[in-house]
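Novice: Quick one: this structure, given as structure tokens, is what I'll be asking you about.
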Amino acid sequence: MSFRFLHSADWQIGKPFARYGQTGAVLRAARLDAIDRLAQAARQRGAFHVLVAGDVYDTETPDALTRRGPVERMRRHSDLHFWLMPGNHDPHRPSGLWQKLTTDGLPSNVHLMLDAAPMTIAPNVVVLPAPLTTKHETRDLTAWWDKAATAQGVVRIGLAHGGVREFRSEGESPNKIDPDRKASAGLAYLGLGDWHRTQEVRPGLWYAGTPEPDRHNSQTEGAVLLVELHQDGTLGSVERILTGYHQWAEQTLPVTDLQSLQDGIDQLVDRLGPRHVVRLHVEGMLDFAGHQVLEDALERLGAHVTHLETSRDDLAVRPSQDELEAVDFDGILRSVADDLLAEDTPLAQAALLRLWTLTQGPNRQPPAGPQS
Amino acid sequence: MIIKSLEVEGVGKFAQSTRVEGFGPGVNMLAAHNEFGKSTLLKALRAIVFMRHTSKDSWLKDLATSDAELPLRVALEFEAKGMACRLEKRFLRRVSAQLDVNGALKDGSKADEGAWDILGLKPGSKQPLDKAGFGFLWVAQGTSADAPALPEETRNTLSDAINAQIGQVAGGDRARVLLKTLKASIDAQVTSQGRSKTGGDLERVQTTLARLTQSLEDAQAQQARFEALIGSLAQAEAALKSAITPAQEADQKQAIALAQNALQTARLERASLEGLQAQAERAALVAQTAIARVADLERCRAELQTAQALLEQLQAAQADAAGGLETARQHIEQANVQLEEARLARTKLTQALGLVTLLQERDEAQSAVLRLEALIEDVQTDHEALQAARATWEHLNRLAKAAPKLDALEAAALQAEAQARAQARAGAARFSIDLYPGTQQTISLDGTILKKAVHGQSLENAHRIEISDVGTITLEPGPSIAQSGQDALAAHAALRDALSALGLDDMQSARDALHAHQGAQGQIKGLEASLQRRLKGLGSLDNLKAQVDHHRARLSDVQASLDAVQADNEFPHTHGDIMTLKAEAQHAERLEHAAQTALEQARSRWQSASELLVGCEVRLETHLRTLKSRLAQGSESDIAQRLQEARQEAAGAQAKADNAVQALEAARLALPGDDQIALLTTRVERLTSALQNQLEARSQMIGTVRRLEGQLSEAGCDGLDARIATLSDDLERAQREERRISLALNADTRLFHAIKGRLESEAIRFSAPVREAIAPYLMSVFPHAKLALDEGLEVKGMERAGLESRFDFLSTGTQEQIAILVRLALADIMARSGETPPIILDDALVYADQGRREAMFDALQHAGRTHQIIILTCHGDTFGSLGARPLHLVS
């Protein structure tokens, strides 16, 4: 007889995504919806316990609706048991979030692991939690596990939130966890949270990642881990299950001329879709006309994906010879354009682009010379 | 182009065909009076040169002769580019145009355009042709002071010439349009002081930034408070965990109960010891009572002996005090006698001093009355003299006022007398008396013997001639002479009457009185001054009299007081010195005071002796009572017996008390001591206090936790972190937006200054040939002056003697002269490209003074070497020195 459960972490419900404007609401909703998706995945795979290794909420002071939101989602999945533990984003502090949750009234399938004490979650299965009570913990909160007494033959699961010592320090919090703890504490599995990537550190020692990604340069797709433990306390299997809706993509668009620009945009449109949150680095050089085309193309791409963020630090915009001629073939404006071009500073480039725009649009003035 | 003739018909007041002739190279002038039609001719010239013959412009309709049925016809003969041309156009009615160039004819629009081609005009621009071409050289009436504003086409024409010299410059108009666009864009964002403008994007985003920054700071401050509260609460809860637990509380309560039981047991054991102690204390008390009785009896015996000795001393003191009292009484009587005598002596001396004072006052009052009466008499004397002098002065004053009249009467009398004499001399018969030489007879005239002949003497008065020994001849004047004498007599009579009316005898008396009048004024002033000196500080005469009355009344009062005093007393010292009397009175007063002091001292001594006697009597009585009381306790021998018995009784009681103490000490050694009970008591108190402190501490900790929880609840931090994150993102977005707007604004500003700087540098470069061309003209009229031109060749100002003046701030005359000179210079520049249109000035130089006008004439003649110049003026007289070719009209 084996024991199956889902290992998840870093839901960070309530993350505002304000810099994404109106898209922020979509991204916030997606994180809440991830609970339904992981619940469905658990149910489909016969796992009726979901262990969340910290950071259920993005902050320890969510407003009431945000606080109640995930609880109500979990209430709908009454056939599953959700075991929630505070992390560095939502530490358990006096009169804080977790106390309010208790006051709110939790459904019977939602359990809080607020104390550093063994908790039996199923027959012969005990979870040793290491809940955080501060945002920055300097102690190894798993140390007590080594001496934590449990009945003979009980499967021990450790649940902690922080960075594994001597492992990559990409976790958010400085809360360090001894990677040897699994062995020293006699754990069948040590589930970790904090790092937004699914990662096996050692056999039976895993970061679950976040079920819905929330940033670039991190986890591109949301996932949870399906863990199966044998009765004798040995690890059966660990399976990564995708649960995310949005995919956070970081792309580069090299441009040299209008054609390369057009081709690059077409490829991106083919490759990306409405679920993508994209950060695009535009590199290369364009003339003024190309720059206008780029603006149009990026508008098109932005409408194609959930959100588009561009970086043009490596894009140079310089007028072509024809564009300089279009400013004026000679005379005062042309000499001004030549001076600005030679100056080659961001301000001069902006002034030059402005000059070109003014001479091309409705403000364009006829060239000097007689009229008939 | 050289205009040869101009013919108009149906133009303004030139309804009939009229021809202007006499045109030639150089300076031409049509001088005619106002309303002659000079400006009309210039308009006709403008019409034929610059307008199509088919034009229906209202300006043409206004130019046409009123109510004329004929077309507006203008014909122009001119030379251009070596060709002889004749152009004729009919406007408005039966329109036509014909151009004859060296005999080749063109009609209609070809004539219009052929002429323009010859004259270098380019139709089709936005501007009217006269504005676009060389029309700026034709200056209409009233516009000569306007600086020439050159449209682009004209500047292009000039540019052709200038560019040939300095190179191509183009795009100025586009640059200026862009400048306006950029300026508007910049002005929409910032004020002239560089601050963001209200309503602009920059101001909006900066406002948003400030709001977001403030909101974020507020939220962060709230978060800091939240963190502090959380920290405090955590500390409080941690502290609460270290507080006493209920189990610990129960343990401590049990320990307290045990300690209390131990204490109770010890106290019971100590109860038996207390019985022994009570017995010892009672024995000790009995012994002490017996010893005290012995001491009391001994003290009673000693006091009895002392009281008897003291009684004897008090009786002796009482006798001494009675003797002292009698002595004091005698001293008082002696002092009373001395005091009475001193008082009597002082009273008499005081009365004498009062009498002497009254006598002194009477003498002073009498003296004052006499002095004031003498003064009143003097004042009255002066006052009467002054009254007399004033009466005299008034009389003399009347004479003085009549003096002119008397002088006139005297003059009239003298004049009448002189006239009478003159008339007598004129009308009188004359007589002569000749004496024969050697005659012995004498002839006397009016009693005077004549020694020589009398010739032609007039008969003014009666004369009597007596010839000795012959007789007398009486000569009398006629009646007219008598009448003259009567007038003189009447005048003298009037003078006398006037003198008599004034009480004067003659004019000498009047003159004397006038002299006396002048002296009388001085006398009056002298008397007034004397009177003022006398009365100075005393007031008026009435005041003086009142003072006299006052002193007399005072004298009367003093005398009455003297009479009363002398009637009542005898005063041996009434004639003594008042100072001596005062000294004696003071001595008597001192004697009286000394007697009073002696009396008081005697009374004081009597009082002391009396009190001493009373004290002795009281003490004596008290001791007598004490002595009787002691004696009531028994005789001295009884007391000795009782003392012996008491001593034996005290020794027995002391022995019992010592036995009781020994028994008590033995018991104390066998039972729990005070230290042990105190230790047990301290333990109970310590345990009780410790438990109470711990319970209070726990209560306080619970209170702190509750309070912090309440504060956390009130802090309302739900959503705070999310709000901070949102505000941070919003702030970042606003900062990006501000950077974007600022970059755009800076780009606009950068572009604006780049274009503006280029335009200014080009203006300097482009206007250089114009300034060079104008320099000779300027030198002739405004030596050492420089003109400031913009890139459109428009005059902006002039610099003279280092001072810059804006063009529109110059005088109208100076503006006009500069405007004409600039046109001459621009015409010179056009001539470099082969275009030499005529320069026409209508009613110009009307503001110039003579000097400037002459200088301008020089400039015009200088320009006339290159250009045909046509002057239209109504000031032919002042333009005579211009040296222009005269134009004339032929109808």
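Just so you know, the sequences run in chain order F and V.
Its first residue numbered 74, the first sequence is counted upward by one per residue in the numbering used here.
Its first residue numbered 15, the second sequence is counted upward by one per residue in the numbering used here.
For glycine and all other residues, C-beta sits at the position ideal for the given N, C-alpha and C.
Give a yes or no on whether 9 Å exceeds the smallest Cβ distance from T259/V to chain F.
Specialist: No, T259/V does not count as interfacial toward chain F.
Novice: Between F90/F and chain V, is the shortest Cβ-Cβ distance under 9 Å, so that the two count as touching?
Specialist: Taking Cβ atoms only, chain V reaches closer than 9 Å to F90/F, which makes this a yes.
Novice: Within its chain, find whatever has a CB closer than 7 Å to the CB of E294/F; leave out the 5 residues flanking it on each side and keep chain order.
Specialist: Correct list, in chain order: P286, L315, G317 and Q320.
Novice: Which residues bound the alpha helix (DSSP H) around Q662/V?
Specialist: That run of the alpha helix (DSSP H) goes E650 to A684.
Novice: Is the beta carbon of L835/V closer than 9 Å to that of A873/V?
Specialist: Contact flag set, yes.
Novice: Identify the residues that DSSP records as bridge partners of A195/F: which are they?
Specialist: DSSP output for A195/F lists V198/F as bridge partner(s).
Novice: From the DSSP output, in three-state form, read off F821/V for me.
Specialist: Correct three-state label for F821/V: helix.
Novice: Less than 8 Å between the CB atoms is what I'm expecting for G661/V and V300/V, so what's the real figure, rounded?
Specialist: The sequence as given places Arg at residue 661/V; Gly does not occur at that position. Not quite, the Cβ-Cβ distance comes to about 15 Å (not below 8 Å), so this is no contact.
Novice: Cα-Cα, which of V191/V, Q329/V and G36/V is closest to L626/V?
Specialist: Nearest option by C-alpha distance: Q329/V.
Novice: Is any beta-carbon of chain V found at less than 9 Å from that of Q426/F?
Specialist: The residue you asked about is not Gln; residue 426/F is Leu in the sequence shown. It does: the Cβ of L426/F has a partner Cβ on chain V nearer than 9 Å.
Novice: Please state the DSSP three-state secondary structure of S446/V.
Specialist: Three-state DSSP puts S446/V in a strand.
Novice: Pull up the distance between the alpha-carbon of L824/V and that of G811/V, whole angstroms please.
Specialist: So the two alpha carbons sit approximately 8 Å from each other.
Novice: State the Cα-Cα distance for the pair A233/V and R225/V, rounded to the nearest angstrom.
Specialist: One C-alpha to the other measures close to 12 Å.
Novice: If we cut at 9 Å on Cβ distances, does P419/F have a partner in chain V?
Specialist: Yes, P419/F counts as interfacial toward chain V.
Novice: Using the Cβ count rule (16 or more neighbours within 10 Å means buried), how would you classify P439/F?
Specialist: Confidence at P439/F is low in this model, with a pLDDT of 40, below 50, so the placement of that residue is unreliable and no value is reported for it.
Novice: Can you give me, in chain order, the residues of the stretch 746-774 of chain V that have a beta carbon less than 8 Å from any beta carbon in chain F?
Specialist: Those would be E746, R747, L757, A758, N760, A761, D762, R764, L765, A768, I769, R772 and L773, in chain order.
Novice: Helix, strand or coil for F871/V? Go by DSSP, reduced to three states.
Specialist: In this structure, F871/V counts as helix in the three-state DSSP scheme.
Novice: Check each residue of the stretch 345-364 of chain F: if its Cβ is closer than 9 Å to any Cβ of chain V, include it; give the result in chain order.
Specialist: Listed by position along the chain: nothing, the set is empty.
Novice: Given that D732/V touches chain C, what residues does it touch there, using C-beta distances under 8 Å?
Specialist: Within the model displayed, chain C is absent; protein chains F and V are what it includes.
Novice: Strictly by DSSP, which residues pair up with M97/V?
Specialist: In DSSP, M97/V forms a bridge with A94/V.
Novice: Measuring only from the beta carbon, is L326/F closer than 8 Å to any heavy atom that is part of the ligand SAM?
Specialist: Because no ligand of any kind appears in the structure shown, any question about the ligand SAM cannot be addressed here.
Novice: If distances are taken between C-alpha atoms only, which option among I854/V, L896/V and L694/V comes closest to I16/V?
Specialist: For the residues I854/V, L896/V and L694/V, the minimum Cα distance to I16/V belongs to I854/V.
Novice: Please list the partners that L331/F has in chain V, where partner means a Cβ-to-Cβ separation under 9 Å.
Specialist: Simply none; closest approach about 24 Å.
Novice: Rounded to the nearest angstrom, how far is the Cβ of R427/F from that of L765/V, given a contact under 8 Å?
Specialist: Confirmed, about 6 Å.
Novice: Going by Cα to Cα distance, which pick from A126/F, D411/F, Y93/F and L79/F is closest to I769/V?
Specialist: Closest by alpha carbon: D411/F.
Novice: According to DSSP, W152/V sits in a beta bridge with which residue or residues?
Specialist: Note: W152/V sits in a beta bridge opposite I854/V.
Novice: Rounded C-beta distance between D136/F and I86/F? I'm assuming under 8 Å.
Specialist: Contact flag wrong, Cβ pair sits at about 11 Å.
Novice: Taking the continuous alpha helix (DSSP H) assigned at S199/V, which residues delimit it?
Specialist: G186 to D201 is the extent of the alpha helix (DSSP H) around S199/V.
Novice: Could you tell me which chain V residues have their CB closer than 7 Å to the CB of D412/F, listed as they occur along the chain?
Specialist: Simply A768.
Novice: Label V25/V either buried or exposed according to how many other C-beta atoms from any shown protein chain fall within 10 Å of its C-beta, with 16 as the threshold for buried.
Specialist: Buried, since its Cβ has 16 or more Cβ neighbours within 10 Å.
Novice: Are L201/F and A221/F closer than 9 Å when you measure CB to CB?
Specialist: Contact flag set, yes.
Novice: In whole angstroms, what separates the C-alpha of L886/V from that of Q155/V?
Specialist: Each residue's Cα considered, the two are about 9 Å apart.
Novice: Could you tell me if I755/V is buried or exposed, where buried requires 16 or more neighbouring beta carbons within 10 angstroms of its beta carbon?
Specialist: That one is buried.
Novice: So that I know if they touch, is there some Cβ in chain F lying closer than 9 Å to that of D872/V?
Specialist: It does not; no Cβ of chain F falls within 9 Å.
Novice: Could you tell me which residues DSSP pairs with P327/F in its beta bridges?
Specialist: Note: P327/F sits in a beta bridge opposite E356/F.
Novice: Between D83/F and chain V, is the shortest Cβ-Cβ distance under 9 Å, so that the two count as touching?
Specialist: Closer than 9 Å: no.
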